[in-house]
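Quick note, the sequence shown lines up with residues 1 to 433 if you use full-length UniProt numbering. Here's the structure, in structure tokens; my notes come after.
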Amino acid sequence: MPPNTFDFPIAPRANSTGHTPPGEAFKDQWTHPTDVFSVLLLLGGDVVNKALGQLSGGRLTPVTFSFGWVSYAITTLLASVGDTKLMPRDSEGSCLVITAKNGYTRTNSSWVIARMLRDHDSWMHPRVKSRLEWMIDERHHYLQRKAKPGTKIPRPGQTGLCISIYEPSKTVPAGKPRHDVTYWSGVFVAACQLLLATAPLIREHDWSILVITVCGTVLALGTGSLPEWAIEKWACRRGSHNSYILTSGNGAQHAILILGNGKGLNLEDLAVGSQMQPRPSSTHTRFILAVISIMWIGLLVSAAGMTENTSYLLAIGGIGMIHNVVVVGLRRDPSTLGIHLEYRDVVGEMTVMDALLDLEAKYPQVGASLLPIFFPGQLRLDETSKWEALRQRGEQQAEQATSSEGQQEPAQEPAQDPAPESWEAHAKTFETG
């Protein structure tokens, strides 16, 4: 009798570990990123801070809702209880602010001045570009003349010193930024984010994504529209009569001379940034910062508990982050930073010494103020004689101007006004009537 045989179906072995296969895990995470958005909200706070520094200063600061806002909210919470400032510190490299009349030099810590010097290549006047091209061509021809015939010498990228001369606008007040395309792009991107957030509401009647986006946008606009931003951004006296020179120091290709006409900002004050803040943050501002920071943390908790349609939140935050990165990196005109300039002249030679001598001949004391920056060592005898001749000529011109003024007898002696840059003159700017 044959033995009994039993047929049993062979089932696949179950996953004894209970783990989801890697492929399915990746697919599920990218399809429903449940907790990624809450983590990303904590990253990129420095980008948000710099975007606020770029666009703040007016009634509306269109910095978009993006990753990093909660991280930045912790910083603002510290600002509400401590001495932390809202404006970002200068991180664009070395920058010196030199007072032309006496050569006093300050190391810059102002975001506005640093950005203006960093972006100079993008907003310089066409005549400055032409002069720079001429200088480089002259240096190239000089090198070719000094080399053997037929030698290929590449065109140099830098030579000498090019000084751009500008004057503050007499019609547009300083400290009032002009709104450009970069500024208004924030409004457009915020509208696109809100439009994207309505997709889950229309498709699945899920209003949570729209609520998170609206709350984040309102908090972002509220944070950037505090009046404290304008106070810190332009923490200086107005109506300066002094001339100032901006440069990155010895070896720089450019220097910017801003002539004093009583309409510009006191860049010597502005260079030290928040250290010259006219007043400490008010209790009202500190309270608002604390409330906004707590609301940002509440928004993070709410976003962390969401499990449906979180890919929309990821897309909305990604769009905002890309926009903020672009805003921080774009080069802008100084008028968008509240400094309105009008072109006056350019001085440039293929050697730094010749450029400074020409500058001193046109604008006495200005070239001499830059001399210790670019030539800290001892000068040659011929250079010393040239500077001495310019100094004597400047003294003669000053004596002639003084004598001509003394010959004109006024009908009545006017009241003596305080020095233009004195604190007494600053106090009189607050007088009315």
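Where is the CB? At the ideal position from N, CA and C, for every residue including glycine.
Query raised in the report: Under three-state DSSP, which class holds Tyr363?
Result: Along the sequence shown, read from residue 1 onward, the residue named residue 363 stands at position 363. When DSSP states are grouped into helix, strand and coil, Tyr363 belongs to the coil group.
**Report entry** Beta-carbon proximity of Ala51 to Asn324, cut-off 9 Å
**Finding:** Walking along the sequence shown from the start, residue 51 turns up at place 51. Walking along the sequence shown from the start, residue 324 turns up at place 324. Yes. Within cutoff.
**Report entry** Beta-carbon contacts of Asp180 that lie in its chain and below 6 Å, excluding the five residues immediately before and after
**Finding:** Indexing the sequence shown from 1 puts residue 180 at position 180. Within the same chain, Asp180 has close Cβ partners Thr336.
Requested in this report: Just the C-alpha distance for Thr384 and Leu390, rounded to the nearest angstrom, thanks.
Outcome: The residue you call residue 384 lines up with position 384 of the sequence shown. The residue you call residue 390 lines up with position 390 of the sequence shown. Our two residues, Thr384 and Leu390, have alpha carbons roughly 10 Å apart in a direct line.
Query raised in the report: What is the DSSP secondary structure of Pro168, counted as helix, strand or coil?
Result: For the purposes of this step, residue 168 is taken as the residue at position 168 of the sequence shown. Assigned with DSSP and collapsed to three states, Pro168 falls in strand.
Query - 8 Å Cβ shell around Trp229 - same chain, five flanking residues per side excluded - result: One-based indexing of the sequence shown puts residue 229 at position 229. Here the set comprises Leu52, Ser56, Gly57, Thr61, Leu86, Met87.
Requested in this report: On a CA-only basis, which of Arg238, Ile288, Leu356 is nearest Val346? Give me that one, please.
Outcome: Walking along the sequence shown from the start, residue 346 turns up at place 346. Out of Arg238, Ile288, Leu356, Leu356 has the C-alpha closest to the C-alpha of Val346.
Requested in this report: Would you kindly work out how many angstroms separate the C-alpha atoms of Ala197 and Leu289, rounded to a whole number?
Outcome: For the purposes of this step, residue 197 is identified with residue 197 of the sequence shown, where counting begins at 1. For the purposes of this step, residue 289 is identified with residue 289 of the sequence shown, where counting begins at 1. The alpha-carbon separation between Ala197 and Leu289 amounts to approximately 27 Å.
Query - Delimiting residues of the alpha helix (DSSP H) encompassing Leu201 - result: Locating residue 201 in the sequence shown gives position 201, where the first residue counts as 1. Leu201: member of the alpha helix (DSSP H) spanning 181-204, first to last residue.
Query raised in the report: Could you give the distance in angstroms between the alpha-carbon of Thr310 and the alpha-carbon of Leu300?
Result: Here the question's residue 310 lines up with position 310 in the sequence shown. Here the question's residue 300 lines up with position 300 in the sequence shown. Going by the C-alpha atoms only, they are around 13 Å apart.
Query - Per-residue DSSP class, three states only, for Cys95 - result: As a working note, residue 95 is residue 95 in the sequence shown. Assigned with DSSP and collapsed to three states, Cys95 falls in coil, not helix or strand.
Query raised in the report: Among all the DSSP beta bridges, which residues are the ones paired with Gly348?
Result: As a first step, residue 348 must be located in the sequence shown, where it is residue number 348. Under DSSP, Gly348 forms a beta bridge with Cys162.
**Report entry** Segment contact flag, the region 177-196 with the region 351-369, C-beta cutoff 8 Å, min 3 pairs
**Finding:** Counting Cβ pairs under 8 Å, fewer than three are found: no touch.
Query raised in the report: How about Ser80 and Arg286: do their beta carbons lie closer than 9 Å?
Result: For the purposes of this step, residue 80 is taken as residue 80 along the sequence shown, with counting starting at 1. For the purposes of this step, residue 286 is taken as residue 286 along the sequence shown, with counting starting at 1. Using a Cβ distance threshold of 9 Å, Ser80 and Arg286 count as a contacting pair.
Query raised in the report: Which residues bound the alpha helix (DSSP H) around Arg115?
Result: The residue labelled residue 115 in the question sits at position 115 within the sequence shown. Boundaries of the alpha helix (DSSP H) around Arg115: 111-118.
Query raised in the report: Leu210 to Val187, Cα distance in whole Å?
Result: Counted from its first residue, the sequence shown places residue 210 at position 210. Counted from its first residue, the sequence shown places residue 187 at position 187. Inter-residue distance for Leu210 and Val187 is about 17 Å (C-alpha atoms, whole angstroms).
Requested in this report: Please confirm whether Tyr343 and Arg127 have their CB atoms less than 9 Å apart.
Outcome: Position 343 of the sequence shown, counted from the first residue, corresponds to residue 343. Position 127 of the sequence shown, counted from the first residue, corresponds to residue 127. Cβ atoms of Tyr343 and Arg127: closer than 9 Å.
Query raised in the report: Tell me which same chain residues have a C-beta within less than 8 Å of the C-beta of Leu201, skipping the five on either side of it?
Result: The residue you call residue 201 lines up with position 201 of the sequence shown. Beyond the five residues adjoining it in sequence on each side, Leu201 comes within less than 8 Å, by CB distance, of Trp207, Ile209, Leu210 in the same chain, given in chain order.
Query - Rounded separation between Thr151 and Gln144 - CA only - result: As a first step, residue 151 is located in the sequence shown; it is residue number 151 there, counting from the start. As a first step, residue 144 is located in the sequence shown; it is residue number 144 there, counting from the start. Rounded to whole angstroms, Thr151 to Gln144 spans 7 Å at the Cα level.
Query raised in the report: Among residues of its own chain, excluding the 5 on either side of Leu161, which ones have a beta-carbon nearer than 6 Å to its beta-carbon?
Result: As a working note, residue 161 is residue 161 in the sequence shown. These residues qualify, in order along the chain: Val352, Ala355.
Query raised in the report: Is His284 helix, strand or coil by DSSP?
Result: Here residue 284 refers to the residue found at position 284 of the sequence shown. Here DSSP, grouped into helix, strand and coil, assigns His284 to helix.
**Report entry** Asn102, buried or exposed, once every other Cβ within 10 Å from all chains shown has been counted against 16
**Finding:** As a position in the sequence shown, residue 102 is number 102, starting the count at 1. By the 16-neighbour rule on beta-carbons within 10 angstroms, Asn102 is exposed.
Report task. Return the chain-ordered list of same chain residues with a C-beta closer than 8 Å to the C-beta of Ala147, the five sequence neighbours on each side being excluded. Result -> Within the sequence shown, the letter at position 147 stands for residue 147. Only Ile153 meet the Cβ criterion.
**Report entry** Nearest residue (CA-CA) to Ala114, options Ala191, Ser66, Ala304, Ser94
**Finding:** Numbered from its first residue, the sequence shown carries residue 114 at position 114. The candidate whose alpha carbon is nearest that of Ala114 is Ser94.
Report task. Put Ile74 into one of helix, strand or coil per three-state DSSP. Result -> Translated into the one-based positions of the sequence shown, residue 74 becomes position 74. Of the three classes helix, strand and coil, the one that applies to Ile74 here is helix, per DSSP.
Query raised in the report: If you drop the 5 nearest sequence neighbours on each side, which residues of the same chain put their C-beta closer than 7 Å to that of Arg131?
Result: As a working note, residue 131 is residue 131 in the sequence shown. Cβ neighbours of Arg131 beyond the five flanking positions: Cys162, Val346, Gly348.
Query raised in the report: At which residues does the beta strand (DSSP E) containing Ala136 begin and terminate?
Result: Against the sequence shown, residue 136 aligns to sequence position 136. Ala is not the amino acid found at residue 136; the sequence shown has Ile there. In the DSSP assignment, Ile136 falls outside any beta strand (DSSP E) and lies within the alpha helix (DSSP H) extending over 126-146.
Query - DSSP beta-bridge partners of Ile258 - result: Residue numbering aside, residue 258 sits at position 258 when the sequence shown is read from its first letter. Within the DSSP bridge table, the entry for Ile258 names Tyr166, Tyr244 as partners.
Report task. Would you identify the three-state DSSP class for Tyr312, choosing helix, strand or coil? Result -> To locate residue 312, count along the sequence shown from 1; it is residue 312. In the structure shown, the three-state DSSP call for Tyr312 is helix.
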